[in-house]
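The structure appears below as structure tokens.
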Amino acid sequence: MPSGTEQTILSDQVQAEIDRWIAKFPQGRQRSAVLAALHAVQHEHGGFVTPELMDAVANYLDLPAVQVYEIATFYTMIETRPVGRHSISVCTNISCMLRGSDEIVSHIESKLGIELGESTPDGKIYLKREEECLAACCGAPMMMVDHAYHEDLTPAKVDAILDALE
Amino acid sequence: MDQKTVKIEVNGVELQAQAGQMLMEVTDAADIYIPRFCYHEKLSIAANCRMCLVEVEDVHKPLPACATPVTDGMKVFTKSPAAISAQRATMEFLLINHPLDCPICDQGGECELQDLAMGYGRDISRYAEKKRSVQDQDLGPLVSTDMTRCIHCTRCVRFGQEIAGIQELGTMGRGEFMEISTYVKNSVDHELSGNIIDICPVGALNNKPYRYSARAWEMEQRATVAPHDCLGSSIYAHVLRGRVKRVVPRQNEQINETWISDRDRFSYEGIYSDDRLMQPMIRDGGEWRTSSWEAALEAAAAGLLEAAGGDAATHIGAWISPSATTEEAYLTARLMRHLGSNNVDHRLRTRDFSGQEYDPLFPSLGMDIAEVPSLEAALIVGSNLRKEVPLLAHRVRQAAVAGASINFLNLAIYEYLFPIAEYMVGSSADLPLQLARLLVAAGAELPKSARLLASAAASVDEDQQRTVASLAKADSGLVLLGQMARRHPQFGLIQLLASRLAAATGVRLGHLTEGGNSAGACLAGALPHRGAGGARLNDPGQTIADMIATPLRGLMMVGTEPERDCADAAGAVAAVESAEFVLALSPYFAGSLAQHADVVLPTGTFAETSGTLVNVEGRWQSFAAVAAPLGEARPAWKVLRVLGNLLELADCHYLTSEAIRDELASAAGQLESDNLLSAKASARADSQAETPAEDLDIPMYQVDAVVRRARSLQLTRDGRQARHGVTGRRETA
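These protein sequence lines are chains U and P, in that order.
Residues in the first sequence are numbered from 8 upward in steps of one, following my numbering.
Residues in the second sequence are numbered from 166 upward in steps of one, following my numbering.
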């Protein structure tokens, strides 16, 4: 059992998820589970992690806290500041760009009244700053909303998707 | 690893190397310079700066010398057009975001980036775009930051992981947004953290107290020895117009490698404290007045003579700082004995002297410092090791990381940043009993002095069995008595039991001693029961405890502050107060001495005197004065010499401190110390009242008069906690 489990702010589900990942790696290599742990924590905490949560992960995995900060700040999939609860990533790489992703981005920006990298004031939607290729070029332009892909986007289609978000 | 010898060729010169060695190690050993930033011989290889790219025959791209293992027949070119071009290109990239603010950077003039930019940089930058800037960090009172200058070599990060054992800095973000940071606002608090200043190849991490106060090329670099712990780390003082501006490590693989503790690095601030005494002072009818040296020395001599009195009884005594130089200790002891008194002691924080007759010639580590990392097992008794002797803790950590079984028997739980086999903790009254149990576990007979413990000691638990077994099994093992054990009210018994335990398990016994010169003070005869070279005295004088319990008429303080340096602070002040005549040789005019002394003679701190410190290995280290004395302060050995002359001490015409050292060395220089006590050794065995761990643990930045006055150290977390009555102790494991 990892150290520091006596008092943790991590939920039982998150702990179980981290334990599942720890079991995949050789004993003593629990550090390898840190990215999965951050994903689990972020998912449960509404899309971002806080220093307290990162400290809890560090404690759970028996790592120096700063190593968890390093990983969380390195990967763009981990948000280290408060963001809206729905995460929208519009691909702006070459295929999507050629198929009009720039218009999609400006449409979303004007519709939501925020720019790339910002969240709506009601905390509902977070528009990620810059998304690299999500490997769906055949359906360009595309975007990812939470974990679902939406392809062959048009402004009307985007409106429908955004309006359907809770 | 394959230890096969291979032949390689570097720039046409054939070199021999061990297969698997990195190219950089081989070229460094052969004095072939390859430029580098991230490579550091004491740290792991990161290969992220790319400055050490070299050309290797039949490899179609340049390779980093720091991370390229040598292979037989390899042909390397470090200065070929391809290598130089790769190095120059790397430099161009490194300089893209570097601010080039060398004129206002403290690193200017001693900067690896600046030096290599001279060799490999272009004279004009092709980069016309915006440079990035990075917010600075507040890392605490010791290390200043200018993070825009950082080139991300990660030496500081690796230092934390690998040397300090606690990673406080990390690389946040990535790519162009990468920053070295603590992420959350956090000071860097490790006791070795100042070393990141030295290893930073640019001006990103710098010396905060020294900031903007001198230029590297204006200063003189003078070698000396750090006096604040028993290792005697090798240091350089950087001196401008006679003043120490900063202290840096002097590489010495036998003692401190390339590191020094923060205490040794920043203590120099205490030299320039506001309460430095600039002129001799004489108390005249209750009022202090400044005096000439002649008058003060005459008053000192007359006062001592009068206090000593004409009768056979001894009415005077001397308290010598365990960080005073060997020469000072030797002359003070000579002077006291000339005046008919054996009341000389430097063991100011010791509480139990009952076993002193059997004490080793001088308490030593029992092994070389450089051998410590190869220990297989150790039992450390009564020590807050990281705070007592930070760089020895680093050596023990190296052993622990390599797999040694490091065990503690302690009075409180302290945080160690390495794996610990067993951590046994008990009250101070329990410590001898626990040692006795270990001795029983080792199958040895308890010494006579410990018979009282026999029945309780018979019950041995598994932790104790395992600890003893690991010691017995080790080819290289050590029982180490720390400073808290040394200050324990039953030190004699602890030493006796530890000695028997070491003998029974076939390991060595070591001591961590007070101050920077306990060994030298012992050899110099600054003890009531032994003369120079450990000569047995027929009529032993009074120990420091005796001198406090039955106050004397006359007292002489050499570098001592009674209320801060003595185990019984209140008693020490009372003894000073009740003495008719008190002579103090002190750099400072403060505390009980300013209240109760009669003559205070201003002496130089460690930086302002020449002398010799004998470290815990028994290594004699002599040094010259590095700084000009403040005001009319004089080196204490000179003051003692003149005092000796005034008191008609024979053969006291030393022209140099070396002459004093040589005289002592001819009697004591070849002596070796055996820590294992003789078969007939005994010690007081009556049980003692409980002494809280906090009373035995002297905070790291309170150990001596100079350190206590080092302002920046007092602002660190350790410094603040000590002043607010909190030690580094944690309540739970």
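Built from N, CA and C at the ideal position, the CB exists for glycine as well.
Since we're looking at a predicted model, the values are computed, not measured.
Does residue i come out as helix, strand or coil in the three-state DSSP assignment?
i	result
R884 (chain P)	Checking the sequence, you will find Gly at residue 884 (chain P) rather than Arg. Helix, per DSSP.
E452 (chain P)	strand
Q326 (chain P)	helix
R136 (chain U)	coil
F754 (chain P)	coil
T170 (chain P)	strand
Q853 (chain P)	coil
D510 (chain P)	strand
K552 (chain P)	helix
S108 (chain U)	helix
V537 (chain P)	helix
V779 (chain P)	strand
V868 (chain P)	coil
T389 (chain P)	strand
Q183 (chain P)	strand
E813 (chain P)	coil
R701 (chain P)	strand
S10 (chain U)	With a pLDDT of 47 at S10 (chain U), under the threshold of 50, the modelled position of that residue is not reliable, and the figure given next carries that caveat. Of the three classes helix, strand and coil, the one that applies to S10 (chain U) here is coil, per DSSP.
Q37 (chain U)	helix
Q444 (chain P)	coil
E859 (chain P)	helix
H503 (chain P)	helix
Please classify residue i as buried or exposed, where buried requires at least 16 other C-beta atoms within 10 Å of its C-beta.
i	result
W918 (chain P)	Residue 918 (chain P) lies beyond the stretch modelled for chain P, which goes from 166 to 898, so this question has no answer here.
S126 (chain U)	buried
W152 (chain P)	Nothing in the structure corresponds to residue 152 (chain P), since chain P is present only between 166 and 898.
Q272 (chain P)	buried
V112 (chain U)	buried
P392 (chain P)	buried
D449 (chain P)	exposed
D533 (chain P)	exposed
Y581 (chain P)	buried
M712 (chain P)	buried
C145 (chain U)	exposed
G769 (chain P)	buried
T670 (chain P)	buried
E916 (chain P)	Not covered by the structure: residue 916 (chain P). The range shown for chain P is 166 to 898.
H889 (chain P)	exposed
R895 (chain P)	Note that R895 (chain P) scores a pLDDT of 41, beneath 50, so its modelled location is shaky; the value from the coordinates is reported in the next line. Exposed, by the Cβ-count rule.
Given a cut-off of 8 Å on the beta-carbon distance, is the pair residue i and residue j in contact?
i	j	result
P528 (chain P)	N840 (chain P)	yes
V235 (chain P)	Q186 (chain P)	yes
L513 (chain P)	A732 (chain P)	yes
L334 (chain P)	V349 (chain P)	no
E341 (chain P)	R297 (chain P)	yes
G120 (chain U)	V90 (chain U)	no
L878 (chain P)	D427 (chain P)	yes
R718 (chain P)	A749 (chain P)	no
T336 (chain P)	H355 (chain P)	no
V546 (chain P)	L677 (chain P)	no
L544 (chain P)	G699 (chain P)	no
L160 (chain U)	M151 (chain U)	no
L208 (chain P)	R323 (chain P)	yes
E726 (chain P)	G756 (chain P)	yes
V764 (chain P)	A465 (chain P)	yes
S94 (chain U)	Y133 (chain U)	yes
A402 (chain P)	R380 (chain P)	no
S309 (chain P)	K373 (chain P)	yes
M721 (chain P)	L469 (chain P)	yes
message: Going residue by residue through the stretch 625-654 of chain P, where are the continuous alpha helix (DSSP H) segments of at least 4 residues, counting only ones entirely within it?
response: 627-638 and 648-651
- prompt: Would you say the stretch 393-403 of chain P touches the stretch 831-838 of chain P, given that touching needs at least three Cβ pairs under 8 Å?
  reply: no
- prompt: Are the stretch 870-878 of chain P and the stretch 653-661 of chain P touching by the rule of at least three beta carbon pairs closer than 8 Å?
  reply: no
- request: Can you check the stretch 654-687 of chain P for any alpha helix (DSSP H) of at least 4 residues that lies completely inside it and give the ranges in chain order?
  value: 656-670
- request: Just list the beta strand (DSSP E) runs in the stretch 209-293 of chain P, keeping only unbroken ones of 3 residues or longer that don't cross its boundaries, in chain order.
  value: 218-221 and 240-242
message: Tell me whether the stretch 795-811 of chain P and the stretch 490-497 of chain P touch, counting them as touching only if at least three CB pairs, one residue from each stretch, are closer than 8 Å.
response: yes
message: Can you confirm whether the stretch 493-506 of chain P touches the stretch 805-816 of chain P when touching is taken to mean that 3 or more C-beta pairs between the two stretches lie within less than 8 Å?
response: yes
- prompt: Taking one C-beta from the stretch 186-205 of chain P and one from the stretch 232-248 of chain P each time, how about it: are there three or more such pairs within less than 8 Å?
  reply: yes
At least three beta-carbon pairs within less than 8 Å, the stretch 609-624 of chain P to the stretch 842-851 of chain P: yes
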